[in-house]
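Written below as structure tokens is the structure these notes are about.
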Amino acid sequence: MSSLPPPRSDYPHSPDNPHPKHSQLAFVCVGAGRGVRFGGDKLAERLGSRTVFAAALGALVRAAPEALMVVVVCDAMLEFWRDQLSPECPQARFVSGGDRRQDSVRAGVLYAAQAGADVVAVHDAARPLVDPEDVEAVINAVGGVAGAILSARISDTVKRVDGNGMVVDTLPREKLRSALTPQVFQIATLLEVWQRADLKRVWTDEATLLESAGIPVRSVLARHPNPKVTTEADLELMRAMMGSVS
Numbered sequence: 019m020s021s022l023p024p025p026r027s028d029y030p031h032s033p034d035n036p037h038p039k040h041s042q043l044a045f046v047c048v049g050a051g052r053g054v055r056f057g058g059d060k061l062a063e064r065l066g067s068r069t070v071f072a073a074a075l076g077a078l079v080r081a082a083p084e085a086l087m088v089v090v091v092c093d094a095m096l097e098f099w100r101d102q103l104s105p106e107c108p109q110a111r112f113v114s115g116g117d118r119r120q121d122s123v124r125a126g127v128l129y130a131a132q133a134g135a136d137v138v139a140v141h142d143a144a145r146p147l148v149d150p151e152d153v154e155a156v157i158n159a160v161g162g163v164a165g166a167i168l169s170a171r172i173s174d175t176v177k178r179v180d181g182n183g184m185v186v187d188t189l190p191r192e193k194l195r196s197a198l199t200p201q202v203f204q205i206a207t208l209l210e211v212w213q214r215a216d217l218k219r220v221w222t223d224e225a226t227l228l229e230s231a232g233i234p235v236r237s238v239l240a241r242h243p244n245p246k247v248t249t250e251a252d253l254e255l256m257r258a259m260m261g262s263v264s
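Using the working numbering, the first residue of the sequence shown is number 19, and each one after it goes up by one.
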């Protein structure tokens, strides 16, 4: 396991009060979904010479090579992904996920906690283009707060509608952000919130859990594109993006 990377003074997101250097970092890379909207295992699709899953894992490794890497996959695919991803990250530890994303994240975080980590960065394997610089920035941002998420500005005008589809009002987009991953948390806080939370409820992400408990979460604006593979069109767009910078 590695200590958190030192704060970068040249990076605008570096906090004034970085997380203590002795903290032990773990990644939890989640890829246990069924790919229903995609129509298959989107993580096994190719992006250049690597799978989507391998590309996501590789970005995390480049950001913090010595961190504990916990890879969460569905039980039926555990041996397949162990064989596929071990060359990308020989130190990876593989954990079986649950029926829902939140169950898979919890399984990975519990493993990381038992291994001695006290800070965890949760990343969706369906975001293979995440830039290591942004990963480093959101990790550094946990200083002084219990959680930090990578985010993006919203460029579209956002309307709130009622149950009949009628526009109620327009939301101020300058105060809105799209939530991305990684999302980074102090593990002790996350475990405490889980103990009090209704785990039968569907939580879209772990930041929502902290918000529900009144715990501040810092937003860190991404400097680089970080799209998510949900449909075939998303995958084709990513391939085009990779081709434009190659």
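Ideal Cβ positions, reconstructed from N, Cα and C, are used throughout, including at glycine.
Taking a C-beta distance under 8 angstroms as the contact criterion, Q120 and M87 do not qualify as a contact pair.
Considered as a whole, the segment 198-244 harbours 205-214, 224-230 as its complete alpha helix (DSSP H) runs of no fewer than 4 residues, in chain order. Inter-segment contact for the segment 149-164 and the segment 196-216 is present: three or more beta-carbon pairs are separated by less than 8 angstroms. M260 sits in a helix when the DSSP states are folded into three classes.
Only buried fits R145, as 16 or more other CB atoms lie within 10 angstroms of its CB. Beta-bridge partners of F45 (DSSP): M87, A139.
Under DSSP, L168 takes part in a beta bridge, and its partners are V238.
Secondary structure at L65: strand, using DSSP grouped into helix, strand and coil. One thing to note: C107 has its Cβ no nearer than 8 angstroms to the Cβ of A50. Listed as beta-bridge partners of L75 by DSSP are no residues whatsoever. For V127, the enclosing alpha helix (DSSP H) starts and ends at 119-132.
Burial check for T69: the Cβ neighbour count within 10 Å reaches 16 or more, so the residue is buried. According to the DSSP assignment, D187 belongs to no alpha helix (DSSP H) but to the beta strand (DSSP E) extending over 185-189. When DSSP reads this structure, R111 sits in a beta bridge with V88.
If you draw a straight line from the Cα of V113 to the Cα of R178, it comes to about 39 angstroms. Apart from sequence neighbours up to five positions away, the residues of its chain that approach M260 with a beta-carbon distance below 8 angstroms are L65, G66, L147, ordered along the chain. Membership of V153 in any beta strand (DSSP E) is not indicated; the residue belongs instead to the alpha helix (DSSP H) covering 150-158. R195 is bridged by DSSP to R171. Taking W212 as the centre and dropping the five residues before and after it, the same chain places the C-beta of R124, L227 closer than 8 angstroms to its C-beta, in chain order.
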